[in-house]
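According to this note's numbering, the residues represented by the sequence shown are 502 to 1631, in order. Accompanying notes for the structure given below.
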Amino acid sequence: MKKFTLKHVFEGLRSTVQQPQAKPEQVSIVETLQAENFQVAKTVRHGFPYQPTSLAFDPIQKVLAVGTKHGSIRLIGRPGVDVHVRHESEAAVLHMLFLINEGALVAATADDAIHLWNYRQKRPEIVHSLKFQRERITCLFLPFQSKWLYVGTERGNIHIVNIEVFQLSGYTINWNKAVELSRKTHPGAVVHLSDCPVDPSKLLIGYDSGSLVVWDLKNKAADARYQCAEPLKSISWHHEGKQFMCSHSDGSLTTWAIKQTTSKPVSAIFPHAKTNKEGKQEPCKCIQKVEWKCSKNGDTFVIFSGGLTNDRAGRTPSITVIHGKTTTVLEMEHNVVDFITLCESPFASDFAEPYALVVLLHNDLVVVDLHTQGYPCFENPYSMDLHESPVTCCTYLADCPADLIPAFYSVGARGQKRQGFSEREWPISGGEWGSSCSYAEMIITGHADGTVKFWDASSVSLQVLYKLKTAKVFEKPRTRSIDGDEDPFAIQHIFLCPESRLLCIAGATAHVVLFKYFKQETTGEVPCLEIPIVYEVYESGDCSPEYEFPPRPTLQVAHSPHHTAAGEASDKKPSDKKGHSQSQNHRKKKGASLDYFVPIRVRGGSQKKAAGYQADLVCLTPWVDGEPPGSISALSINSSYGLLSYGNESGLVIVDYIAKSCLLNMGTPELYGNADPYQRVPRSPKRADSSKEDERCKSPSSDQAHSDYLVELCPSETTNKLDGSFSRSRSSSISSLENISSEAIQCLAFADSYTRKNDSQMAPTLWVGTSLGSVIQVMVSIPPLETRLSTPATVIPSGTIFRLKGSVLAMSFLDCNGALIPYQYESWRDANKEKKLERTPTKSLVDNRMSPTNSGEQTWGDRQFVVIGSEKVARVVALPSQNCVYKQIITEVSFVVKAEIIQIKDSVCLVCYVATGHISVFSLPSLRQLIYVDFLPLVDLSFQTRKTGIVDPMLSIWGQQMFVNEDTDQIARTFCFTNYGHGMYLCSPTEIQKFTLASDFCKELQNLLGELFQPHDMPEPPKQSFFKGLFGGGVSQLDREELFGESSGKGSRSVAKHVPGPTAQLEALNAKAGSVAGDVARTRMLMVERGQKLSELEERTGRMMNESESFSTAAHQLMLKYKDKKWYQL
C-alpha cells in the first residue's frame, strides 16, 4: 500500500509553489485558421443500405433506388455515382416508383406519407409530400408517362393523386363498390394495382384475401370479379393484356383470363411441390412476388421468389426462373427482400426483352445475367461487402504516399481472380462521374473475423484494394464461442505507418501482430512472444515496510524467436514434442502459484506467406491464474526506432521488433515509481511467496528499468503539472478518488522530445497517456546502427508526469513555430533488393524541422510544444521548460468521445467529437475555439454497444450520461478524423459515412459528386400492326385528365394533407416576397403618380397666379389711363 507521510505532503506543496507558470502572451505564433475556414457537412455514404425494405429501377436512366427501414434511400448509378438521401421522419420506405426518364422518384413511407423526390440536381430534394390522415398506404401504381398516381390503402380503397401538384382527385374507388354486394366480409388491404397493358381504362385491383376486381374507370363499375382460393401476394400481366398471373401464400401460381366464363383459374401450379410417401402433396412456402416477361423470339420468363417446400424454405432463400420448360432455382445467401426484372422496353404492352435480374437481399445486392446460360451473377463493383464480417474498427488516411494505393492494389489483384461471374457489362450504368480529388485517401477497416480490408477512398468512391486475413497466422481454435461473445480474432486496433508500410493490429484475445509488406511470396517461421501484463495490489500486511510501492509480480517473457513460452524452464528443449501442446497453451510456473494459459496458438513450423502483408512478430498476452487479460486499449509503432508498444487496463508493453525481444512489461502504477498519487484497491486476497516470484526471467532491460527509475524520480518532477483535479474515466466505475482499481493505457506516442526540464538535447521517447489523465514519459535508448540487429534497445521510465482531467485521448508535438512535427519513420524498401537495415537519422530530421536558435544552451528557450487532449480538457505544454502555456476546457457536463490533432490549410488544429453530439475545433497552439456545431447525436451510434439507448440516471450527476455496462470505446474505434479536415464514422452496421470540416471542400463537393440524371430520348412506343388497328385489337387511349381532373371534384381534405417540400416552400416564400415587392412597387408608383399630379397642380396654380398678376397689372394701367378723363372724353 502506498504510504503517505508528512514529508511527502511538504514536498508536494513545495513543488506546487516552485512550479513556474508561463504566460500565454509569451508565445507569439501567428495562427491562420479562422472560423470561416470550417463548415461541417456530410459528404458521401458507402456500404450496403442497412435493413433494406424496397427496390425501384428506372429502365431508361438506368438508376437503381434502395429504400431502408430507417427512412433512407440510396440512388445508385454506375460505379462512382451514389447518392444518399433521408426522410426527416425516418419512417421505413415501403414502396418506391420512378417517374421514368423524368428525374423524379415517388416514395411511400411507414408513416402513411407519399414524397416526391427530384434528383435532377446533385443533391436530391423533396418537392411535395402528401400525408394520409385516416388510411394506411399498402400499394402504389403509376402508369408509364402518366401524372396520376393510384394509391391503395389498408381499408381496401383506392385514391388517385395528381403528382404535379400532389393533390387528391375527387375520383375514389371504395371497396364496397368494387366487391360483390353479396360478400359479407371485408376483402382486406389492397396489395396490387395495375392497368391492363392494352386497355388502360381497365384497372386490376388485388386484395389481400384473394379477391380480384377488374374496374372500369370510365363506367365507374366493376367489369369482372374473381376469387382466389388462397391469400394473394402479387400479380403480373402478360404483355398482350389477355391474362395475368397471381402468386399465393400456399406456394401456388394461378393464371386468370380477362374474359373467362368460369370461376376457376385457367391454370394453377405448384412449381416446387413434392409428393410424400403417403401420396399427399407437401406444403410449400408462399411466393412473395412473381413477374411474367416475354421476348420477341417467343421465350417466356416466369420469375418468382420463394415457393420451396417447407423442409428447404427455412434454410434456403431462393429465386426461381422458369424459362420455357426449364426451371432454375437460384439459391441466395440471405433472405430475399425484393427483386426487379430489368427489361429493354418500358412499355407494358411491348415485348419486355428481359436481360438481367436485380435481387435485393437482406445483406447483399445480387444482379443475375439472364442472357448467359446458367444465369451467372455480375461481379458487384460497389462496396457492398463492407459488412461481410462486422466492422470493429476503422482507420482513415488522407494524403497518403502516392505509391501506397498502387502497391496494395497490385497484391490485392492477384488474390481476387474470381471466376464464375458474367462477362457482360454491369447493367446499372446511369449517371455521370464527377471530378476527381487531387490527393489519395485510404480507409482501413478491421472486422470481427480477423480480416483487415484496405479501401481506396479517393474522391467520392470506395474501392477495395487488398484483403488481409490475420486469423491465418494462428491455428484454428478447437471450440468457438456460442454465447455471443466476441470472435477471438476480432480486430480492435489498427496502426499503419504509411511510409514504412508497417502494419500492426491488436485483436480481441489481447494479441498483437506486426506485419511487414513484401511484394513476393516468402517462406519462414513466425516469431512469437508471450508477454503477460499483470499488476496486483496486495494488502498492507503482505508488503515489507521498506517498499514505497509493491513490487511487480512474476512477469516472464521469452526471447527465443519462435514459440518460446512464458514461464517455461530455461532448460526446456524446443524439440521436445511430448507435451508440447500443453506447454504452449496451459502451464504452471515451477515453484510459483501463477498459472499461465494462452487461448490461441501461432502456427508452428515454416509457413508459406503470400505476397502482401506477412506476419513478422506475434505478441500474445496469456491468462494468469484463470483470469483473462484486459483488451488492448492503445497501440503504436515507430519504424525509425524499431519499437512496438501497446497497453491494456493493467499495464504497458514495449517490444523491440528488430531484436524480437520484450524491453518492458509492467503494471501502470509502476510507471509512476514512488510518485503514485493513488491508493490502489487490493485485487488479490493472498500473495504468493515473494522470494519465489522474484526469481523470474527478465527482459534485457527490465532490471535496469526497475532499479534506475526508483533513483531517478524527483518529487518536484512527478507532481501534477497541469491539473490537480481528477475525473472518472469512461471505462472505470464510479468510485472514490482515492480508491482506484485499475488504470488503463489509453494513448501512446513515440517522439524525439525532452525528458527533463531545461534539457538541451532531444532524445527518443515514448509518451504514455492513461485513463486517469496521467501522461508519463519513457526514455528510449537506441543502439548504434552497427550493432542494432544484435543489440536490443533499452527503455527507462523518466519520471516526468503530467496530469489532466479525464482520460487522455490524443497527444501530438509542435515545433517552436506551431507546425506539426512529423513522426519518425523508416522508408519502405524491397527486402529482396536491399538486405541492409538503414535507419533514418534522428538528428537530421529534427534539425530540419526546428527553427534555428542561438548558440549557447543558456539562451535557448522552449523549442517544442506537446498538445495533450483528454475527455475534459486540452493542454499545450512548452518543452523543455514543462510549462503549461495554454489550457482549455473542452466540456464540463459531458465528455469527449474522439479527439485528434490534424492538419488543415497548412495549419494545425485539435478536433473533438463530444458526447453531446457536437464537434468542437480549437486552433493550435493557442487552443482558441473556432467552431462548436451540432453534428451527430451519440444515440445514433449506440448500435455498436451491447445495450443501446439505455442511460444510467445516476451517471447524470457526474455530468457523464453513458450507456449502462458499456462505454464509448467501440464507437471511438470507428470514428475517425484525418488531415484536410476529413472524417468518417460507422453510421450503421453495414455503412460508413464520410464528412468534412473544411469549407473549401464543401464548395468543391458539388463538382466531385456525380450526376444522377442525364438527358435521354424517350423510346418510341411499340408499333401497332395493321390488322390490330383495323379490328380494334391495339392499345386503346385513356384521357385520365377528363376522368380525374377538375370535373371529378376535389378530394376530401380529411383523407390526406398536402405538405410542400423545401423547394415549394422557398417558391412560396419567393412568391410572397414577390407579392409584397409588387405591392410596394404599386404603392411607390401611386405615390409617384400623386407627386406628379401635385406638381402639375402646383404648376397650374403658378400659372393662374401669374395670369392673375398680369390681369391685375393690366387693370391697374387701364384704371390709371382713364382715371382723370371725363365721361364725354372716353
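Where is the CB? At the ideal position from N, CA and C, for every residue including glycine.
Residue i, DSSP secondary structure in three states
i: ILE906; result: helix
i: GLU1372; result: coil
i: LYS1017; result: strand
i: GLY1152; result: strand
i: LEU862; result: strand
i: VAL1378; result: strand
i: PRO1046; result: With a pLDDT of 34 at PRO1046, under the threshold of 50, the modelled position of that residue is not reliable, and the figure given next carries that caveat. The answer is coil: DSSP assigns PRO1046 none of H, G, I, E or B.
i: ARG587; result: strand
i: PHE1639; result: Past the edges of the chain, shown from 502 to 1631, lies residue 1639, and the structure says nothing about it.
i: GLN1471; result: helix
i: ARG1541; result: helix
i: ARG621; result: coil
i: VAL1440; result: helix
i: VAL1099; result: coil
i: ALA1116; result: strand
i: GLU889; result: coil
i: GLY913; result: helix
i: SER573; result: strand
i: GLU1492; result: strand
i: GLN1445; result: helix
i: GLU1657; result: This structure leaves residue 1657 out entirely; the chain is present only between 502 and 1631.
Residues of its chain near residue i, where Cβ-Cβ distance is below 7 Å and the 5 sequence neighbours each way are ignored
i: ILE1283; result: TYR1142, PRO1265, ALA1294
i: THR817; result: LEU809, GLU832
i: LYS570; result: GLN552, THR554, ALA593
i: PHE922; result: PRO877, CYS878, PHE879, GLU880
i: ALA679; result: ILE706, VAL714, TRP716, ALA723
i: GLU681; result: ARG726
Residue i: first and last residue of the uninterrupted beta strand (DSSP E) it sits in
i: TRP676; result: Per DSSP, TRP676 belongs to no beta strand (DSSP E); it is in the alpha helix (DSSP H), 676-679.
i: SER462; result: Coverage of the chain is limited to positions 502 through 1631, which leaves residue 462 absent and any answer about it impossible.
i: LEU1411; result: 1408-1415
i: ARG546; result: 539-548
i: TYR1324; result: Neither: TYR1324 is in no beta strand (DSSP E) and is coded neither H nor E.
i: GLU1401; result: 1397-1405
i: THR1266; result: 1264-1271
i: LYS1388; result: 1384-1390
i: GLN1108; result: 1108-1110
i: THR1024; result: 1023-1025
i: HIS693; result: 691-696
Close beta carbons around residue i, own chain, < 8 Å, minus the five adjacent residues each side
i: VAL541; result: ILE1420, ILE1432, VAL1434, PHE1436, PHE1496, THR1497, LEU1498
Nonlocal neighbours in the same chain, by C-beta distance under 6 Å from residue i, ignoring five residues either side
i: HIS1012; result: LEU1121
i: MET1485; result: TYR897, CYS1477, ILE1493, LYS1495
i: SER1299; result: THR1256, GLN1278, MET1280
i: LEU1598; result: none
i: THR1449; result: Because the pLDDT of THR1449 is 42, which lies under 50, any placement of that residue in the model is unreliable, and the number read from its coordinates should be weighed accordingly. So the qualifying residues of the chain are SER1443.
Run of the alpha helix (DSSP H) containing residue i, from where it starts to where it stops
i: ARG1304; result: No alpha helix (DSSP H) contains ARG1304, which is instead part of the beta strand (DSSP E) from 1295-1304.
i: ASN1508; result: 1500-1509
i: GLU1171; result: 1169-1173
Heavy atom of the ligand NAD within 8 Å of residue i beta-carbon
i: PHE922; result: As presented, the structure is devoid of all ligands, the ligand NAD included, so that no description of it is given.
Secondary structure, beta strand (DSSP E): runs of 3+ residues fully inside the stretch 923-978: 942-948, 952-957, 964-970
Sequence ranges, beta strand (DSSP E) only - wholly within the stretch 627-671, length at least 3: 638-642, 649-654, 659-663
Inter-stretch contact (C-beta, 8 Å, three-pair minimum) for the stretch 1406-1423 and the stretch 532-548: yes
Every unbroken alpha helix (DSSP H) inside the stretch 1551-1626 [4 residues or more]: 1563-1622
Continuous alpha helix (DSSP H) assignments of at least 4 residues falling wholly in the stretch 795-872: 811-814
The stretch 963-977 in contact with the stretch 1095-1111 per 3-pair CB rule at 8 Å: yes
Three or more C-beta pairs below 8 Å linking the stretch 1283-1292 and the stretch 1393-1405: no
Meets three-Cβ-pair contact criterion under 8 Å: the stretch 951-967 and the stretch 597-611: no
Segment contact flag, the stretch 1300-1311 with the stretch 1368-1375, C-beta cutoff 8 Å, min 3 pairs: yes
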